[in-house]
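Undergrad: Numbering (the UniProt record's numbering), first residue to last: 2 to 396.
Even for Gly, the Cβ is constructed at its ideal location relative to N, Cα and C.
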Ligand code: 3PG
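1) In chain order, what residues of the same chain lie with their CB nearer than 7 Å to the CB of residue 248, ignoring the 5 residues before and after it?
2) Among 138, 188, 154, whose alpha-carbon lies nearest the alpha-carbon of residue 168?
3) Can you look up residue 315 in the DSSP assignment and give me helix, strand or coil?
4) Could you spell out where the alpha helix (DSSP H) holding residue 381 opens and where it closes?
5) Can you grab the Cα-Cα spacing for the pair residue 121 / residue 66, in whole Å?
6) So residue 286 packs on residue 219, CB below 8 Å; how close in whole Å?
7) To the nearest angstrom, report how far apart residue 374 and residue 35 are at their CA atoms.
8) Compute the minimum distance between the beta carbon of residue 61 and the heavy atoms of the ligand 3PG, and state whether it is under 7 Å.
9) Leaving out five residues on either side along the sequence, give the residues of the same chain with a beta carbon under 7 Å from the beta carbon of residue 201.
10) In terms of residues, what are the limits of the beta strand (DSSP E) holding residue 146?
11) Could you work out which residue in 119, 390, 254 is closest to residue 264 when comparing CA atoms only?
12) With DSSP as the reference, label residue 242 as helix, strand or coil.
13) Quick one: what does DSSP say residue 220 is sitting in, helix, strand or coil?
14) Out of 119, 346, 187, 179, which has the shortest C-alpha to C-alpha gap to residue 70?
15) Between which two residues does the alpha helix (DSSP H) holding residue 262 run?
16) At 4 residues or longer, what runs of the alpha helix (DSSP H) sit wholly inside the region 315-381?
17) What alpha helix (DSSP H) runs, 4 residues minimum, are completely inside the region 118-188?
18) For residue 159 and residue 124, I'd like the C-alpha separation in whole angstroms.
19) Give every residue of the same chain whose Cβ lies closer than 7 Å to the Cβ of residue 114, excluding the five residues on either side of it in the sequence, and list them in chain order.
20) Terminal residues of the continuous beta strand (DSSP E) containing residue 35?
21) Less than 8 Å separating the beta-carbons of residue 174 and residue 152?
22) Need the endpoints of the alpha helix (DSSP H) that residue 113 sits in, please.
23) Since residue 54 and residue 111 should fall inside the 8 Å C-beta cutoff, what is the C-beta to C-beta distance between them, to a whole number of angstroms?
24) Is it the case that the Cβ atoms of residue 314 and residue 191 are separated by a distance below 8 Å?
25) Would you check whether the ligand 3PG has a heavy atom nearer than 7 Å to the C-beta of residue 377?
26) With a threshold of 7 Å (Cβ to nearest heavy atom), would residue 64 be considered close to the ligand FMN?
27) Using only CA atoms, which one of 288, 352, 259, 257 lies nearest to residue 266?
28) From the DSSP output, in three-state form, read off residue 289 for me.
29) Who pairs with residue 268 in a beta bridge, going by DSSP?
30) Would you call the region 291-303 and the region 351-361 in contact, with 3 or more CB pairs under 8 Å?
31) Please state the DSSP three-state secondary structure of residue 386.
32) Can you find the residues in the same chain that come closer than 6 Å, C-beta to C-beta, to residue 76, ignoring five residues on each side of it along the sequence?
33) In the DSSP assignment, find the unbroken beta strand (DSSP E) run with residue 196 in it and report its ends.
34) Quick check: what's the CA-CA separation for residue 155 versus residue 148?
35) Given this structure, state the Cα-to-Cα distance separating residue 215 from residue 339, to the nearest angstrom.
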C-alpha cells in the first residue's frame with residue numbers, strides 16, 4: 002500500500018518512521034542526504050493536511066538518553082528543507098511527545114527524540130518491543146514506513162508498530178525497493194557489482210548470492226587483502242581477516258567453475274602507516290612489502306575496474322576502494338565513482354557510507370542512477386533476505 006491508499010489524511014495523526022541517521026561532527030550535519038530523501042513523503046503528508054509525527058534514530062546510543070545522539074540538529078535541518086519549522090519533542094513517548102503531538106496543527110510536522118534512547122526499541126524480547134510500539138501507536142491514527150535504511154531491523158518503530166496501525170510504505174521505501182528489484186529480478190546485462198569497504202566478513206552473504214546473479218564482481222577496499230591472501234599473496238601490514246581466507250578462496254574457485262568473473266586489483270597503493278600523511282607508493286599486488294599496508298587500489302586496477310563498469314548495463318557499488326578520506330588514497334574510489342556516472346544503464350550507489358563518500362568527493366546525487374539511503378538494508382536486500390520492515394507491510 003502507498004500513502005495514497007490511506008484515504009483522506011486531513012486532520013489525521015500520521016506517524017512516519019524515517020531514517021534520519023546522518024553523520025554529525027558535533028551538532029553539525031556533514032551529509033544531509035537521508036534528511037533530503039525523507040522530504041517527498043513528508044511534503045505529501047503535510048500537503049494532505051495530516052499532523053505528521055516523525056520517529057527516527059540516530060547512531061547507537063544503546064538504550065540510554067545521550068545528548069550526543071540527540072535528533073535536535075536534525076529537526077532544525079528538516080525544518081529548513083520543508084520550509085516550515087519542525088516541532089521537536091525531547092522524549093519519544095513521554096510528556097514532551099504527548100504535548101507536542103496534541104499541539105500539532107493540520108499540515109505541521111513534529112520530530113520526536115531518538116527512538117533508541119529507550120532500550121525496548123531494539124529489544125530482542127518481542128513483548129518489550131510490543132509494549133513500546135503500543136505507546137507509539139497511542140500518538141497516531143495511521144503509520145507510514147519510510148525509513149528504508151532501517152527496514153532490515155526488527156525494531157519497535159520499524160516492525161512492531163506496523164502491526165498496530167493501518168499502514169503504508171512511504172515514497173522513499175517504494176522508490177528504493179523498485180530500484181533494488183531491478184537488480185535482483187532479471188537485471189540488464191552485463192550486471193557488474195563493485196564491493197569495497199574494510200570488512201570482508203560483512204560482505205560474505207552478499208558475495209555468496211551475487212556469485213550466481215552478477216556477471217562480474219570487482220573487489221577493492223580493505224576487504225580485498227583477504228582475497229589476495231587466498232591467492233597466496235603476501236599482504237604486508239594490510240587489513241586481513243585470517244579466518245575468512247578459506248571462504249574467500251572457495252568463492253574464487255566457485256567463480257572460476259561457474260564462469261563468473263571476480264576481478265581483483267593488480268596494483269595497490271601502499272603506505273608505511275594508517276595516516277593521511279603516509280607517503281603513498283604504487284606496488285604490484287604480487288609484491289606488497291612486509292612493512293607497508295595497502296590503502297587504495299592502484300591506477301592500473303582503477304582503469305581496469307572503470308572499463309568494466311562503463312561497459313555494463315547494470316552496476317551496483319557498495320564500499321570505498323580505499324581510505325577515501327585520505328586524499329593520497331582516494332583515487333581508486335574517485336575513479337570508480339566517476340565510471341559509475343558514465344554508465345549507459347542503471348547505476349546504483351548503495352549505502353549511507355558510500356553515498357556520503359561520493360558526495361564528499363564532489364559528485365552530485367543526480368550523477369548516478371540511484372543513491373540508496375540504506376547500507377546494510379540494500380546489502381541484505383541483495384543477499385535475498387526477507388527484510389522484517391518490508392515483510393510486515395505486506396501482511
Ligand atoms: C544505517 O546507518 O545503516 C541505518 O541507519 C541503520 O543503522 P544501524 O546499523 O545502527 O541499525
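TA: The structure says:
1) 205
2) 138
3) strand
4) 377-383
5) 13 Å
6) In fact, because the Cβ distance is near 14 Å, the residues do not count as touching under 8 Å.
7) 6 Å
8) yes
9) 224, 227, 242, 245, 249
10) 143-146
11) 254
12) coil
13) strand
14) 119
15) Counting along the chain, residue 262 falls outside any alpha helix (DSSP H), though it belongs to the beta strand (DSSP E) covering 262-264.
16) 332-342, 353-361
17) 127-138, 172-185
18) 12 Å
19) 71, 72, 90, 91, 92, 93
20) Careful: residue 35 lies outside any beta strand (DSSP E), inside the alpha helix (DSSP H) at 34-48.
21) yes
22) Unbroken run through residue 113 is the beta strand (DSSP E), 110-113; no alpha helix (DSSP H).
23) 5 Å
24) yes
25) yes
26) The ligand FMN is not part of the structure shown, which contains the ligand 3PG as its ligands.
27) 288
28) coil
29) 285
30) no
31) coil
32) 87, 89, 112
33) 192-196
34) 12 Å
35) 21 Å
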